[in-house]
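S.K.:
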């Protein structure tokens, strides 16, 4: 119908009020037909998170309004799809969009102008705004604004609307065409492109209505083509065609889909994506994924980039210089979009100009619906900032450097967010005293303080104390302090070395790299005399350890036998089925005491000897005195408890070893050694396969070549001029690496029994293992002061309830891998770690992540796990082709295991590389060239 006018308005209309009626009346008065777009429940929840009336309830109310002729479902806050459908139904009609003046801009305004329509702005009725209604119905002060009246449309429409109003940043020149225009009249479109961009390079990008909605961004789903010559018709047509073919042709609006063309930004210094809240937690951080190279799509394509979180308060009050300009542009965008949570693609040019490529709602935050309580988060953050400031070096009274992966690497064993029991057990039997007590007989420095501390729920190792404890006791104090200052300086030069301090920073023994590394000290203020003293001290200490190792090992084994005797006595008492909770508690105390006396100091000592062995082997290869492949072969000749486990597990899996016998030997193991929630092996179904396995063992080294390799190795070991023979040094290397694993295997029997007995006590007083995980060792010791089971239950239940809330609150924090100062808790940079590659082999395979399922079919796969816990030894029996872990060091448990089995591995990849691998279906693991490459 010619001269027909259709008015269109839209909204949530949760509270129908006078302001709505006034708008509806105005829209109907000046049109032949008024259509209301009623926003769907899903779209409302995706942003507001709250809704009083359902769509059906709102529809029923509005159907009685005389000024509305038709009500249509609107599936987003953008009316464009509905306007397009109306235009197709009434191509001759003029469409007028009615909106309130609370909107900063209208993305679909350009579309309406193209079809001869218009936008009519009326005064927003602020008196009865949703916020004012809420304020009247609540006594709570300073409520966060919950309703946004802004529009987000297609990529192209949003940029077109923002371009004239964005003052602090830049949006490149834009040309938009539809699929229909491309198909029906490409020549005319090309002439417009050629005239607009004058031969400059352009970017041809998707701008689909399905791309940037609240529930899903579909980022990367559609094509973008860069570097197109705007005056080359063939190039332009090919690029547009690629984008068009990435669209879904089955949709009703396919022909109306847009293609966005912009001038390509040149001289890019930095590009990436900034989120105005954290993607995973919805916390008040700006999250920036960026690349400092010239590419503008490496981050969005997943091929590269760095990550940084900036606390929003920090960004507002004192932003880091590098991001100051970008953050000011983002703040303007947030203001224009009434604080909507945004996902913004950007570039910063070499002359510090910020270019915006895309602005869209942060679809990942749809799942949160109701916003976080930011003030609660900031209160928690301030507490942890204070906690860090109170973690001071006992010598200097200055806050210490902390690492989550240095030295005793808690991230590898108990994870980055352990429960209270995991953390307190690890502290009680390892990092409180035993770690240092075990080192003293080897000639290392005493440190009278804890090694591990906690920020939030995250465990950290003191780097200050690690440096101090790894220096020889025989050094004069001034020289030791000077060395520790040098170590700190070296770490700050390259923070990626924080999980490798024993090998790359500290002088903790004499190896084949020592003399070369000592020369660096001469350029750092050390005198020749000091360097010579240090070298002689390292020689004496290492030589003494080598000379006395047999005696040390014998003594430690005797202690381990005493630990076993105590454990067997406790197990016999448990077998008596004693129902007395307090007798069971006494058994727990006895086991913990025996572990600290006869188990963990001995393990600490053997672990340090194994580190020295790894240092000798590693330095031989680094100094080009020994081939990497020969060292791989030598390491594969070492037989730890894992070798026997492999044999027994295969016998068990094939039905040749009864489950009773297997559990008697290995039933105490857990995939989380300190985690009471992690089931023991004797409670896990490993899916026995009664068929005889005919495949060859993982351990397939060329043993006939070992004698030649060992002969060559002994020849090199002679060059260090130790007083012991090269045969004795070779024995030390093999024995220390094997015994370290044996000692760990043995002491975990007592530890696992401790957890089992705690679980047993919990069961008697109706507490689950999850409940028990919130207890701490001190709470278990304190149980003896409660004379009845009921009083003990009340005591523990009160603690558990409070700890659950504290744990949840502290889990909100985003924390760095390395803390050097307060600033690292406000600006959190995710370092790209340097993995510890094991073997020199190259392999490709499908990846499988075991973090959530411990018994998947992993044969011929590259296994991916976060924690390199000893409890994962079973994976080596499954003929896997590679291993990648998030945490772990060059001499960690898993590193030794992989070397033993000649298994290509990347141990301790860190967060960024691990996430990259976890999202890959198939990768190439090239250990010889230190590379991990995604295949798909």
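Numbering (full-length UniProt numbering), first residue to last: 1 to 936. We put the beta carbon where it would ideally sit given N, CA and C, even for glycine. Source: prediction; values computed, not measured.
How about residue 605 and residue 552: do their beta carbons lie closer than 8 Å?
M.R.: For the purposes of this step, residue 605 is taken as residue 605 along the chain shown, with counting starting at 1. For the purposes of this step, residue 552 is taken as residue 552 along the chain shown, with counting starting at 1. Cβ atoms of residue 605 and residue 552: closer than 8 Å.
S.K.: Take the Cβ of residue 30 as the centre, count every other Cβ of all protein chains shown within 10 Å, and call the residue buried at 16 or more, exposed below.
M.R.: In the chain shown, the residue the question calls residue 30 occupies position 30. Exposed: under 16 other Cβ atoms inside 10 Å.
S.K.: Evaluate contact between the region 417–437 and the region 595–609, counting only Cβ atoms and requiring at least three cross-stretch pairs below 8 Å.
M.R.: Touching, per the Cβ criterion.
S.K.: Are the C-beta atoms of residue 357 and some chain D residue less than 8 Å apart?
M.R.: The structure shown contains no chain D, having only a single protein chain.
S.K.: For residue 116, is the classification buried or exposed, using 16 other Cβ atoms within 10 angstroms of its Cβ as the cut-off for buried?
M.R.: The residue labelled residue 116 in the question sits at position 116 within the chain shown. Counting Cβ neighbours within 10 Å, residue 116 comes out exposed, since fewer than 16 surround it.
S.K.: In its own chain, which residues sit with a C-beta less than 6 Å from the C-beta of residue 888, not counting the 5 before and 5 after it?
M.R.: As a working note, residue 888 is residue 888 in the chain shown. Same-chain partners within the cutoff: 412, 868, 894, 907, 908.
S.K.: Does the beta-carbon distance from residue 847 to residue 864 come in below 8 Å?
M.R.: In the chain shown, residue 847 corresponds to position 847, counting from 1. In the chain shown, residue 864 corresponds to position 864, counting from 1. Against a cut-off of 8 Å, the Cβ pair of residue 864 and residue 847 comes out as a contact.
S.K.: Scan the region 301–327 and note each continuous alpha helix (DSSP H) run of 4 residues or more that stays entirely inside, going in chain order.
M.R.: Whole alpha helix (DSSP H) segments, 4+ residues: 312–317.
S.K.: Rounded to the nearest angstrom, what separates residue 9 and residue 22 at their Cα positions?
M.R.: Translated into the one-based positions of the chain shown, residue 9 becomes position 9. Translated into the one-based positions of the chain shown, residue 22 becomes position 22. So the alpha carbons of these two residues sit roughly 12 Å apart.
S.K.: Could you name the residues of the same chain whose beta carbon sits closer than 8 Å to that of residue 237, not counting the 5 residues immediately before and after it, in chain order?
M.R.: The residue labelled residue 237 in the question sits at position 237 within the chain shown. Within the same chain, residue 237 has close Cβ partners 186, 190.
S.K.: Using a Cβ-Cβ cutoff of less than 6 Å, which residues in the same chain neighbour residue 309 once the five nearest sequence positions on both sides are dropped?
M.R.: What you label residue 309 is simply residue 309 of the chain shown in a count that begins at 1. Contacts found: 285, 287, 814, 828.
S.K.: Which complete beta strand (DSSP E) runs does the region 177–216 hold, if anything under 3 residues is left out?
M.R.: For the region 177–216, whole beta strand (DSSP E) runs of length 3 or above, ordered along the chain, are 201–207.
S.K.: Within the same chain, show all residues whose beta-carbon is closer than 7 Å to that of residue 303, passing over the 5 residues directly before and after it, in chain order.
M.R.: As a position in the chain shown, residue 303 is number 303, starting the count at 1. At residue 303, the pLDDT of 42 sits below 50, so the modelled position is not reliable and the matter cannot be decided from this model.
S.K.: Taking the alpha helix (DSSP H) that residue 18 falls in, what are its first and last residues?
M.R.: For the purposes of this step, residue 18 is taken as residue 18 along the chain shown, with counting starting at 1. Here the alpha helix (DSSP H) through residue 18 covers 18–29.
S.K.: In terms of residue numbering, what span does the alpha helix (DSSP H) encompassing residue 807 cover?
M.R.: Counted from its first residue, the chain shown places residue 807 at position 807. It spans 789–810 - the alpha helix (DSSP H) in which residue 807 sits, taken as one unbroken run.
S.K.: Tell me, which residues are paired with residue 838 by DSSP?
M.R.: As a first step, residue 838 must be located in the chain shown, where it is residue number 838. The partner list for residue 838 (beta bridge, DSSP) reads 905.
S.K.: Could you spell out the range, first to last residue, of the beta strand (DSSP E) harbouring residue 349?
M.R.: Along the chain shown, read from residue 1 onward, the residue named residue 349 stands at position 349. First-last of the beta strand (DSSP E) with residue 349: 342–349.
S.K.: Name the DSSP bridge partner or partners of residue 34?
M.R.: Residue 34 sits at position 34 when you count from the first residue of the chain shown. In DSSP, residue 34 forms a bridge with 7.
S.K.: Could you please give the first and the last residue of the uninterrupted beta strand (DSSP E) stretch that includes residue 600?
M.R.: Taking the chain shown and counting its residues from 1, the one referred to as residue 600 is at position 600. Premise fails: residue 600 lies in the alpha helix (DSSP H), 600–622, not in any beta strand (DSSP E).
S.K.: Below 7 Å, is the gap between the Cβ of residue 670 and the nearest heavy atom of the ligand ATP?
M.R.: Of ligands this structure carries none, so the ligand ATP is not represented either.
S.K.: For residue 291, name the three-state secondary structure that DSSP assigns.
M.R.: What you label residue 291 is simply residue 291 of the chain shown in a count that begins at 1. Residue 291 falls in the strand class under three-state DSSP.
S.K.: In the DSSP assignment, what residue or residues form a beta bridge with residue 403?
M.R.: Taking the chain shown and counting its residues from 1, one reaches residue 403 at position 403. Residue 403 pairs with 461, 818.
S.K.: Hey, could you find the ends of the beta strand (DSSP E) residue 358 is sitting in?
M.R.: Taking the chain shown and counting its residues from 1, one reaches residue 358 at position 358. Looking at the DSSP string, the run of the beta strand (DSSP E) that includes residue 358 is 354–361.
S.K.: Since residue 70 is in the alpha helix (DSSP H), which residue starts that stretch and which ends it?
M.R.: Sequence index remark: in the chain shown, residue 70 carries index 70 (1-based). Run containing residue 70: none in the alpha helix (DSSP H); it sits in the beta strand (DSSP E), 70–74.
S.K.: From the DSSP output, in three-state form, read off residue 934 for me.
M.R.: On the chain shown, residue 934 is found 934 positions in, with the first residue counted as 1. Three-state result, residue 934: strand.
S.K.: For residue 760, which residues from the same chain have a beta carbon less than 7 Å from its beta carbon, with the 5 sequence-adjacent residues on both sides left out?
M.R.: Taking the chain shown and counting its residues from 1, one reaches residue 760 at position 760. Around residue 760: 584.
S.K.: Please return the same chain residues whose Cβ sits closer than 8 Å to the Cβ of residue 530, not counting the five positions on each side in sequence.
M.R.: For the purposes of this step, residue 530 is identified with residue 530 of the chain shown, where counting begins at 1. Correct list, in chain order: 479, 482, 521.
S.K.: Beta-carbon separation of residue 512 and residue 657 under 8 Å?
M.R.: For the purposes of this step, residue 512 is taken as residue 512 along the chain shown, with counting starting at 1. For the purposes of this step, residue 657 is taken as residue 657 along the chain shown, with counting starting at 1. Contact: no.
S.K.: Restricting to Cα atoms, I'd like to know which of 737, 405, 572, 550 is closest to residue 502.
M.R.: Numbered from 1 along the chain shown, position 502 holds the residue referred to as residue 502. Closest by alpha carbon: 405.
S.K.: Assign residue 4 to buried or exposed, taking buried as 16 or more other Cβ atoms, counted over all protein chains shown, within 10 Å of its Cβ.
M.R.: Taking the chain shown and counting its residues from 1, the one referred to as residue 4 is at position 4. With fewer than 16 Cβ atoms within 10 Å of its Cβ, residue 4 is classed as exposed.
S.K.: Cα separation between residue 925 and residue 913?
M.R.: On the chain shown, residue 925 is found 925 positions in, with the first residue counted as 1. On the chain shown, residue 913 is found 913 positions in, with the first residue counted as 1. Approximately 12 Å, taken between the alpha carbons.
S.K.: Could you give the first and the last residue of the continuous alpha helix (DSSP H) run that contains residue 910?
M.R.: Position 910 of the chain shown, counted from the start, is the residue given in the question as residue 910. Its alpha helix (DSSP H) spans residues 910–918.
S.K.: With H, G and I counted as helix, E and B as strand and the rest as coil, what does DSSP make of residue 121?
M.R.: Looking up residue 121 in the chain shown gives position 121. Reduced to three states, the DSSP call for residue 121 is strand.
S.K.: Apply the 10 Å Cβ neighbour rule to residue 810 and answer buried if 16 or more other Cβ atoms are within range, or exposed otherwise.
M.R.: Looking up residue 810 in the chain shown gives position 810. Flag for residue 810 reads buried.
S.K.: CB residue 352 to CB residue 322, shorter than 8 Å?
M.R.: Taking the chain shown and counting its residues from 1, the one referred to as residue 352 is at position 352. Taking the chain shown and counting its residues from 1, the one referred to as residue 322 is at position 322. Going by C-beta atoms, residue 352 is not nearer than 8 Å to residue 322.
S.K.: For residue 417, which of helix, strand or coil comes out of DSSP?
M.R.: Counting from 1 along the chain shown, the entry for residue 417 is found at position 417. If DSSP states are grouped into helix, strand and coil, residue 417 belongs with coil.
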